[in-house]
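A.B. asks: If you want my numbering, it's the position in the sequence shown, counting the first as 1, plus 42.
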Amino acid sequence: MNPSAERVSWWIGEVLRDELPKGVKLISVCVTEAPGCRATYRPGKA
């Protein structure tokens, strides 16, 4: 299975959010799949 940039950015965001020190907020994670093709995950946004 080849994960999409959307899925990878979501996974990184979820892992990081749980590991950040108290008081540090994750704003977004951006993954570039190819030139001009990227996915951004923002926790709490639909």
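All residues carry an ideal CB built from backbone N, CA and C; glycine is no exception.
#1: Rounding to the nearest angstrom, what Cα-Cα distance links C72 and G55 in this structure?
#2: From the DSSP output, in three-state form, read off R59 for me.
#3: Using 9 Å as the threshold, is the C-beta distance between R59 and P85 below it?
#4: Using the rule of at least 16 other Cβ atoms within 10 Å of the residue's Cβ for burial, across every protein chain shown, is S70 buried or exposed?
#5: In whole angstroms, give me the CA-to-CA distance for L68 and L62.
C.D. replies: Considering the structure as presented:
#1: Computed Cα separation, rounded: 9 Å.
#2: Here R59 sits in helix by DSSP.
#3: Yes; because the gap between Cβ atoms is below 9 Å, this pair is in contact.
#4: Around the beta carbon of S70, fewer than 16 other beta carbons lie within 10 angstroms, which makes this residue exposed.
#5: When rounded, the distance between both Cα atoms is 8 Å.
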